[in-house]
Each structure stands twice: as C-alpha cells, then as structure tokens.
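K.L.:
Please read through the structure below; I'll follow up with questions.
2 protein chains.
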Amino acid sequence: MPPLALYWGRMSLTEQMTQLARQAKEACRTLARLTPAEKNTALGAMAAALERQAGALKSANARDLETGAEMGLSAAMLDRLKLDETRIAGMARGLREVAALPDPVGRVLEERTRPNGLRLRKVSTPIGVIVIIYESRPNVTADAAGLCFKSGNATILRGGKEALHSNRLIAQLMVEAAGEALPAFPPHAIQVVPTADRQAIPELLALTAYIDLCMPRGGEGLIRAVAQCSKVPVIKHYKGVCHVFVDRNADPEMAERIVLNAKCQRPGVCNAMETLLVDRPIAPQFLPRIARLLAPHHVELRADSAAAAILRADAAAPPCRVKDATDADFFTEHNDYILNVRVVDDVQQAAQHIAHYGSAHSDAIVTANPDTARTFLQDVDSAAVYWNASTRFTDGGQFGMGAEIGISTDKVGVRGPMGLEELTSYKWIGLGDGQVRA
Amino acid sequence: MPPLALYWGRMSLTEQMTQLARQAKEACRTLARLTPAEKNTALGAMAAALERQAGALKSANARDLETGAEMGLSAAMLDRLKLDETRIAGMARGLREVAALPDPVGRVLEERTRPNGLRLRKVSTPIGVIVIIYESRPNVTADAAGLCFKSGNATILRGGKEALHSNRLIAQLMVEAAGEALPAFPPHAIQVVPTADRQAIPELLALTAYIDLCMPRGGEGLIRAVAQCSKVPVIKHYKGVCHVFVDRNADPEMAERIVLNAKCQRPGVCNAMETLLVDRPIAPQFLPRIARLLAPHHVELRADSAAAAILRADAAAPPCRVKDATDADFFTEHNDYILNVRVVDDVQQAAQHIAHYGSAHSDAIVTANPDTARTFLQDVDSAAVYWNASTRFTDGGQFGMGAEIGISTDKVGVRGPMGLEELTSYKWIGLGDGQVRA
Numbered sequence: 048m049p050p051l052a053l054y055w056g057r058m059s060l061t062e063q064m065t066q067l068a069r070q071a072k073e074a075c076r077t078l079a080r081l082t083p084a085e086k087n088t089a090l091g092a093m094a095a096a097l098e099r100q101a102g103a104l105k106s107a108n109a110r111d112l113e114t115g116a117e118m119g120l121s122a123a124m125l126d127r128l129k130l131d132e133t134r135i136a137g138m139a140r141g142l143r144e145v146a147a148l149p150d151p152v153g154r155v156l157e158e159r160t161r162p163n164g165l166r167l168r169k170v171s172t173p174i175g176v177i178v179i180i181y182e183s184r185p186n187v188t189a190d191a192a193g194l195c196f197k198s199g200n201a202t203i204l205r206g207g208k209e210a211l212h213s214n215r216l217i218a219q220l221m222v223e224a225a226g227e228a229l230p231a232f233p234p235h236a237i238q239v240v241p242t243a244d245r246q247a248i249p250e251l252l253a254l255t256a257y258i259d260l261c262m263p264r265g266g267e268g269l270i271r272a273v274a275q276c277s278k279v280p281v282i283k284h285y286k287g288v289c290h291v292f293v294d295r296n297a298d299p300e301m302a303e304r305i306v307l308n309a310k311c312q313r314p315g316v317c318n319a320m321e322t323l324l325v326d327r328p329i330a331p332q333f334l335p336r337i338a339r340l341l342a343p344h345h346v347e348l349r350a351d352s353a354a355a356a357i358l359r360a361d362a363a364a365p366p367c368r369v370k371d372a373t374d375a376d377f378f379t380e381h382n383d384y385i386l387n388v389r390v391v392d393d394v395q396q397a398a399q400h401i402a403h404y405g406s407a408h409s410d411a412i413v414t415a416n417p418d419t420a421r422t423f424l425q426d427v428d429s430a431a432v433y434w435n436a437s438t439r440f441t442d443g444g445q446f447g448m449g450a451e452i453g454i455s456t457d458k459v460g461v462r463g464p465m466g467l468e469e470l471t472s473y474k475w476i477g478l479g480d481g482q483v484r485a
Numbered sequence: 048m049p050p051l052a053l054y055w056g057r058m059s060l061t062e063q064m065t066q067l068a069r070q071a072k073e074a075c076r077t078l079a080r081l082t083p084a085e086k087n088t089a090l091g092a093m094a095a096a097l098e099r100q101a102g103a104l105k106s107a108n109a110r111d112l113e114t115g116a117e118m119g120l121s122a123a124m125l126d127r128l129k130l131d132e133t134r135i136a137g138m139a140r141g142l143r144e145v146a147a148l149p150d151p152v153g154r155v156l157e158e159r160t161r162p163n164g165l166r167l168r169k170v171s172t173p174i175g176v177i178v179i180i181y182e183s184r185p186n187v188t189a190d191a192a193g194l195c196f197k198s199g200n201a202t203i204l205r206g207g208k209e210a211l212h213s214n215r216l217i218a219q220l221m222v223e224a225a226g227e228a229l230p231a232f233p234p235h236a237i238q239v240v241p242t243a244d245r246q247a248i249p250e251l252l253a254l255t256a257y258i259d260l261c262m263p264r265g266g267e268g269l270i271r272a273v274a275q276c277s278k279v280p281v282i283k284h285y286k287g288v289c290h291v292f293v294d295r296n297a298d299p300e301m302a303e304r305i306v307l308n309a310k311c312q313r314p315g316v317c318n319a320m321e322t323l324l325v326d327r328p329i330a331p332q333f334l335p336r337i338a339r340l341l342a343p344h345h346v347e348l349r350a351d352s353a354a355a356a357i358l359r360a361d362a363a364a365p366p367c368r369v370k371d372a373t374d375a376d377f378f379t380e381h382n383d384y385i386l387n388v389r390v391v392d393d394v395q396q397a398a399q400h401i402a403h404y405g406s407a408h409s410d411a412i413v414t415a416n417p418d419t420a421r422t423f424l425q426d427v428d429s430a431a432v433y434w435n436a437s438t439r440f441t442d443g444g445q446f447g448m449g450a451e452i453g454i455s456t457d458k459v460g461v462r463g464p465m466g467l468e469e470l471t472s473y474k475w476i477g478l479g480d481g482q483v484r485a
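For the record, the sequence lines run as chains S and C. Each residue of the first sequence is one higher than the one before, counting from 48 in our numbering. Each residue of the second sequence is one higher than the one before, counting from 48 in our numbering.
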C-alpha cells in the first residue's frame, strides 16, 4: 500500500469522504456483534496504549502547539490544545471508566405480547456511524471515540486543524491497541478525517447512505454551520442561555445559594446561569443582596431599567458594576462573570421571557410555593427545568449517566445530557410461531 | 380583517410561511397546558363536525375531483382523492379512537434520586410544531391533525395541491368545532398551507426557530426531496424493500404461509415482501412449491440465475411467470404482484443481501433453528425484524399502539411504527431543596 498521503492525494475530496464513510459503515456490522467483554478488553488496551505512548503523544502535540502558535492562537486556546501527562492520564482514566459502565446495547426497552401470540421486543441497538465535529481539545478524540465504541458505533472524528497530529495519533494508538487485544476489532471503527479542508464537512454530511448522526461540539458558529449544511441528523445545542427565576415565595438564603452557584461556580460552561429573573414584589429587597453576594466575584450586572433603578438606588454604593442591559444581552451566552438581570411581574412573565430569549437548555425556579413551581416546570419547555436547584446539574455525570458526550436541546431523539444509553437507537424484534396478518 | 386571499396576497411566500410557523409555535404553549379531558372533548367535537358537515365536505371535494380530472389524474389517484360518506365516517371514527387512547404527554419515563437528594424525572412532552407533507388522500388531514393534537403538538399540513379545498375545509371544521367546545383551544393548532406553490416547502422547512419536526408521507421521490431541502429534523422511511429469508431449517408449511401473506395479503403497502431469499440446500424443493402457491395470484417472479434455473427446470411448466432479475430489481419496492427471488448460501449471505439492497424497514427469517434466528435478528439492522412471522405486522395497530401516523426507518428518534407516544419528546425535571453543585 502506498503511503497515506500519496494514497489520499490521488482521490477527490468526495471520494475520500465516501471511502471514510463506507469503511465506517462496514465496521458497524462487526461492532454490533462484539460482546460487552470484548469491548471492555479493547477499551482497556486503548487506555494502556495512550499511557505507554505518552512520549509520542507529547511529541505529536508539540508539532500542533507550534502550528497553533504560528496561527496566532490565544494563550487560552493553546492551553486547551496542550496534551500533558495529566491530560493523557485523564484520557486513559476516561476510557477505563467507560469500560466499567454497563453495556448500553441489547437492553430490552419494552416487551409486549399481541393477542395473536406475536411477542414484540424493543431492543437497544447502536446508532451506526457517528461523525463528531469539535474544536481544539484533543482529549475529546479519546473520550468521544471511547463512548461511541462502547455503544457499538463507528466514529469519524473531525477536530480542529490545529490539533490534527495529536488527534490522528490518539486514534491510531487506540485502533492499534484494540486490534492487538481483540482480533475481531474492525480498524475503521475509529477514523480521523485526514484533511484540514473545510469542504470535508459538507461532503461528509451529505452521505446519508452511510452516516447516521452528526454531533457538533463547540461554539454556536460552528454548530450553526454544521446544522445548516448537514443532510444527516444533527444532535446539538446551539448555546446555553440559562435562567434562574426567583419567585416572591422563595427562601432568600436558598435563592442566594443557587444564584451564586449557577453564576460563579464555573461561568464558562453551557449550564451556567446567564440571566437572573426576579419577581417584582421582592426585587427591592433581593437585588441589593445579590449585588453584594456577587461583588467578591467581580460579576458585572446588565440590568433592565427596573432592576437598574433598584440597584443604583441602593443606599451603599452598588457593590457590582451595573450596566443597562440591551435586548441582545438577554439572548447572549456570556460564558463570563456577567449576569443579565430583569424584574418580571410573575411566573408567567418569567416563562414568557425564557421562551423568547432562552435556548431551551436549563432553567430553574426558586420558590416555596408548589403551585408556582408547577406552572414554571410545565410552561418552560427546556431540556432540563429545576425547582429549587442550580442549573449547573445538567450534566451526564451529575445525572448519573457516567461519561457524557454532549448535551442536546433538540426535541427529536435525545434531549438533555447524552451518555452511553443516549448513543443508542433501537429495533423491534418480533418473535412468532408462524403468525400472518389477517 | 380582509378576506384571506387578499390578506395573503400582500405577503411574500417567506412572510406567509413564517407567519404560519410562528402562529403554530405560539399555539404550542397553550396546547401543552390542555388537560387530557379537554383534548378529548375537542376531538369529539371535531368528529361530530365532520359528520355534520358531510355535505359541505363532499362539495369541496367535488371541486378537487374536477381539478384532478382536468389535471389528468389516473382513476386510481382520483379514487384516493375522493371523500364519500364512508370515508368521512372513517375520519370521524378515527378521531374518536384517538380520543379513547391514553394521553401520551406527562408520562414519567424514568425517575432517579441522586446522592445529593436531587430527584430527576424524565417526563414526556409534546414535540412542538410538526409539518406533515403528504399526497392525495384528504383523510390524512384529519388523521394526522388528530394524532398531533392529542399529543399536544401543533400541525402544519401540506397535502397535494389537487386536495387543497378538501384539506382546508377539513382543518377549518376541526378548528371551529374545537374552538366552540373548548374556549382555550388555540386556533392555530391545526393549519393547512394555503398555497399550492412548491417553494412553500423549502421555505417552511428552513424555519428552524419555529418548526421542530417534519414528517413526509408518500412516494420515495417526495420524501427524498423533502429530506434534501429540510433544515429541520425529518422522520421518514424512503421505501419498504422487505425480505423474507427461508432458512434450511424452516418448517415448509409455515414458510409458505408467511411468504404468501407477506407478498399477497396487500402488495401495495410498505411492509409487504419484495424479495424472497431462499437457502441453497432447500431451494430445489422450496422454489417450485412457492411458484405454485403464488400462481393463483399471478405473481411475477424476478429470479436470480440460480433461482431461475430451478424454477425453469420444474417438471411442470412454471406456474408463475419467471423473469431474470436485474440488480435494480433487488433495490425496488414494486408495490405490486412482483417478487424478487434469490438463492443465498446461508443466513450470513441473507443478512449481507439485506444490508446492501434493503431499506431497513421490515425483514423476516423463517427457521426452526434458534441459533440461525439469533444470527439473523442480530445482524439485520432494520426497524423491525421477525422470526417466524410475516413482515406485514410492522404497523401501529398491529403493534398495539392504536392509530399510526407513519413508520420510521431512521436511527435517531423514533424507529418503526409511530403512534401517539412516538409523537412526544421529553424533558428532565429536577426537584431539589436547594441543591447546588459542589
């Protein structure tokens, strides 16, 4: 076989992507037949290989870091790109944790016997071929490939072009290790798109005959571009504009605890609060308390006129910086120590605000009134809605799913955190003794 | 308000479709709040209105039949377009049957309590706004709108242009009746695309902010065109190329019964068998039996060379017409008294044939050998796989789901028959007492 670069060089991009996708589809049939023990053996071998080859991984990564620096990536981006001992150990640990989780394939989800004696079983199956599109962090390669493999899916991975050497080596080590540990392992179960050509994505996502699902992970721009061009199903969340509504019947201490946690525990993630909605009757008391609470974290408040008036009238100088919120602020995932604040008339107006400005990700109400809570939980149509708890819980680990491959705000297919079970489809198996339809 | 035609006349197609979609989205919030009793009252009123207005429906339908005849529709197409007393009564009965089914919204699908005391409930919810695209039969309007309404979804219906008068009146009667019976009924819960402009479909299916799902029903051409242009999720099956594999260990009488049923009980539907795969060791005995069995139904056999040789060597003149199958035949949903026949080496080759030529709809094995059955049920990745039963069972009614809105061969979201439960999504509800993330 000629060297890879030469080999690919002779094919058009369409041919390259079709070959990747066809190989993945072929791998699926073998993957679906592997036993849980076989898959776990392979995952263990993959983890060991990553640890053993830490030196080679760091060298490949050094090339990427060099290119990244030449490309002018920010220090934060370069940090995300970096693979050090800790992160390599983290990838290995992640693969072993996935091996320890229950196998998600072959679960009987439902069973019924029809009057004619036909027994119907709804059984979980792999989805098939999954394309993962992501940005800088090369550890996503191991995490995503491990979760997809355990759920019997073939993966085609497309990371950032700045991480290509790291991503290719991670995938190669995983495939080689699995192949040695498990002769039945199909080598095309895990593939990295071997070109940085941007056109590769629409080419790949047009191949509906081979590809079953695409999961983009990253900024809203990337996800919108993928959703716009894809002809295969996409599971995604565009952004996390999460709300906490503090109702007139809220316990003020509980409300403070939840607001602080939802905003400041980790402001850069999708389930952090972006907008605080405060019920009008309690706003004059509650808002100054919140300003004092958030001041040590240097949170900037972007307030609507009612909230701004209260905050600015506070007897003490306002301890947080207060700006006037624009309409755009309420649509924005700041991912930072910035909090939109609005005073609303009641729970209905809170729900309306969330329907208009929200991203259907995670929204919470704080109240001691069960009727108000019920209205909120019913009316707010988000993947996760909380009563007296922080929005920060929307997470596969926190939900007890084990590792998570992403979060969905879609209505078709999975909604909310996606763990192993959420990476499966199902089929109906009909067991008869000669039944025919009358 | 100006008459509808004038009103619409002033808007661009994009504006018209955006308005339809936005109205549907607004209707959703009210729909999600209706109680099961309220929905059932409205369904009963809709059924009564269709019966009461049978005369008006037949008049509107007569206009469509006239246009259809002018358009040169075939007699079969005109028959599908026709609304007579029986079909009107059928629509009313369908709506009452849907009312009698359990409400699919608000079911607790899963419940777990986390170590921190946070209680998580996965609860079924409506999907939101569903666009249904279909061909001639106007009764689909009532059936689809009724199922979507009961599951709390708003519908935008786009039937064939030849059925526009019938479809509009059906929807109008349903909306008026529901509004009289139930003041909270949102009038935009059921809307018919009021133009025959083909461009309306891509315009509508680009509105990802308002539309949650599209379900096209009809021929493969229609479905491919919809899937190709849609930016919203599409649930579909392109075609039903269903197989029966008769294994060497099959009970011959059972195999005959299943083959006859799968091919001839209703050959024009998607779960009818298109291809018979016969295991090589039994082909010389089994194929002539099948030819004699299918002869009274004038089934044409399109046989691969091995099967053709056996059939043509039959001592008696072959009782069925035997043609040489082309490769294209094996990909084709004939929907007719035509059956592809192929001799295969074993269950593995049968599964390979199905993976290559099949449509992942419904496939069956007939065998008395449980190991062979297990291989088939495992390897064949179709929405429904049967052991010793006819493929004809893939149907919402036969599965005990009540009415069915369609069948999906997709891997993301619903697979197989889609009843009321399959028209729902879910959300996670977190019930806490002040939990924050550590």
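C-beta: ideal position from N, C-alpha, C; glycine also. Because the structure is a prediction, the values reported are computed rather than measured.
Please classify residue 345/C as buried or exposed, where buried requires at least 16 neighbouring CB atoms within 10 angstroms.
P.N.:
Answer is exposed; the Cβ neighbour count stays below 16.
K.L.:
Smallest Cα separation from residue 103/S: which of 77/S, 190/S, 212/S and 427/S?
P.N.:
Nearest option by C-alpha distance: 212/S.
K.L.:
Could you tell me the distance, in whole angstroms, from the CA atom of residue 202/S to the CA atom of residue 253/S?
P.N.:
Each residue's Cα considered, the two are about 16 Å apart.
K.L.:
Is residue 277/S helix, strand or coil by DSSP?
P.N.:
The answer is coil: DSSP assigns residue 277/S none of H, G, I, E or B.
K.L.:
Would you verify that the beta carbon of residue 470/S is, or is not, closer than 8 Å to some beta carbon of chain C?
P.N.:
Residue 470/S does not count as touching chain C.
K.L.:
For a contact defined as C-beta to C-beta under 8 Å, what are the partners of residue 282/C on chain S?
P.N.:
Under the 8 Å cutoff, chain S gives 459.
K.L.:
So which residues of chain C does residue 118/S contact, with C-beta pairs closer than 8 Å?
P.N.:
Simply none; closest approach about 31 Å.
K.L.:
Which of the three DSSP states is assigned to residue 566/C in this structure?
P.N.:
Because chain C here runs from 48 to 485, residue 566/C falls outside it and cannot be looked at.
K.L.:
Are the region 418–437 of chain S and the region 477–484 of chain C touching by the rule of at least three beta carbon pairs closer than 8 Å?
P.N.:
With the cut-off at 8 Å, the region 418–437 of chain S and the region 477–484 of chain C touch.
K.L.:
Which of the three DSSP states, helix, strand or coil, is assigned to residue 205/S?
P.N.:
It is a strand residue.
K.L.:
What is the DSSP secondary structure of residue 108/S, reduced to helix, strand or coil?
P.N.:
Three-state result, residue 108/S: helix.
K.L.:
Note down, in chain order, each residue of its chain lying with its Cβ closer than 6 Å to the Cβ of residue 109/S, except the 5 sequence neighbours on either side.
P.N.:
There are no such residues.
K.L.:
Less than 7 Å between C-beta atoms, sequence neighbours within five positions excluded: which residues of the same chain meet that for residue 442/C?
P.N.:
Only 318, 451 and 464 meet the Cβ criterion.
K.L.:
Which residues in chain C have a C-beta closer than 7 Å to the C-beta of residue 301/S? List them in chain order.
P.N.:
Ordered by position in chain C, the residues that pass the 7 Å Cβ test against residue 301/S are 481.
K.L.:
Measuring alpha carbon to alpha carbon, tell me which of 131/S, 86/S, 398/S and 196/S ends up nearest residue 419/S.
P.N.:
Nearest of 131/S, 86/S, 398/S and 196/S to residue 419/S, Cα basis: 398/S.
K.L.:
Cβ of residue 401/S less than 8 Å from any chain C Cβ?
P.N.:
Not closer than 8 Å to any Cβ of chain C, the Cβ of residue 401/S fails to qualify, so no.
K.L.:
What do you get for residue 287/C, buried or exposed, if any count of 16 or more other CB atoms within 10 angstroms of its CB means buried?
P.N.:
Label assigned to residue 287/C: buried.
K.L.:
How long is the line joining the alpha carbons of residue 257/C and residue 68/C, rounded to whole angstroms?
P.N.:
Cα to Cα, the separation comes out at about 6 Å.
K.L.:
Counting only beta-carbon atoms, is residue 332/S nearer than 8 Å to chain C?
P.N.:
No, residue 332/S lies away from the interface with chain C (no Cβ there is under 8 Å from its Cβ).
K.L.:
Sorry if obvious, but does the Cβ on residue 96/C come closer than 7 Å to a heavy atom of the ligand SAH?
P.N.:
In the structure shown, the ligand SAH is absent, as is every other ligand, since no ligand is present at all.
K.L.:
Thinking C-alpha only, which one of 106/C, 242/C and 309/C is nearest residue 383/C?
P.N.:
Residue 383/C has its Cα closest to that of 309/C, out of 106/C, 242/C and 309/C.
K.L.:
Which residues mark the beginning and the end of the beta strand (DSSP E) in which residue 292/S is found?
P.N.:
It spans 289–293 - the beta strand (DSSP E) in which residue 292/S sits, taken as one unbroken run.
K.L.:
Kindly identify the DSSP beta-bridge partner or partners of residue 157/C.
P.N.:
Paired residue(s): 169/C.
K.L.:
Beta-carbon of residue 48/C versus every beta-carbon of chain S: anything under 8 Å?
P.N.:
Unreliable placement is indicated for residue 48/C, whose pLDDT of 40 sits below 50; no coordinate value is reported for it.
K.L.:
Does the distance from the CB of residue 303/C to the CB of residue 336/C come in under 8 Å?
P.N.:
Yes. Within cutoff.
K.L.:
Using the Cα positions of residue 204/C and residue 171/S, report the straight-line distance between them to the nearest angstrom.
P.N.:
Using only the alpha carbons, I get a separation of about 32 Å.
K.L.:
Reducing DSSP to helix, strand and coil, say where residue 374/S ends up.
P.N.:
In the structure shown, residue 374/S sits in a helix (DSSP, three-state: H, G or I).
K.L.:
Using beta carbons (cut-off 8 Å, strictly below), is residue 473/S in contact with chain C?
P.N.:
Answer yes: the Cβ-Cβ gap between residue 473/S and chain C drops below 8 Å somewhere.
K.L.:
According to DSSP, residue 264/C sits in a beta bridge with which residue or residues?
P.N.:
Answer by DSSP bridge pairing: none, since residue 264/C is not bridged.
K.L.:
Taking the alpha carbon of residue 238/S as the reference point, which residue from 232/S, 226/S, 222/S and 248/S has its own alpha carbon closest?
P.N.:
Minimum Cα distance to residue 238/S is reached at 222/S.
K.L.:
Strictly under 8 Å for the Cβ-Cβ distance: is residue 449/S near chain C by that measure?
P.N.:
Closer than 8 Å: no.
K.L.:
My parser needs the alpha helix (DSSP H) runs of 4 or more residues fully inside the region 350–417 of chain S; what are they?
P.N.:
Runs found: 352–359, 374–378 and 394–404.
K.L.:
For residue 453/C, write down the residues that DSSP places opposite it in a beta bridge.
P.N.:
Paired residue(s): 465/C.
K.L.:
Give the C-beta separation of residue 297/S and residue 413/S to the nearest angstrom, bearing in mind that I take them to be a contact with Cβ-Cβ under 8 Å.
P.N.:
Right, the Cβ-Cβ distance comes to about 4 Å (below 8 Å), so this counts as a contact.
K.L.:
According to DSSP, is residue 435/C helix, strand or coil?
P.N.:
Reduced to three states, the DSSP call for residue 435/C is strand.
K.L.:
Please decide whether residue 416/C counts as near chain S, where near means a Cβ-Cβ distance under 8 Å.
P.N.:
Not closer than 8 Å to any Cβ of chain S, the Cβ of residue 416/C fails to qualify, so no.
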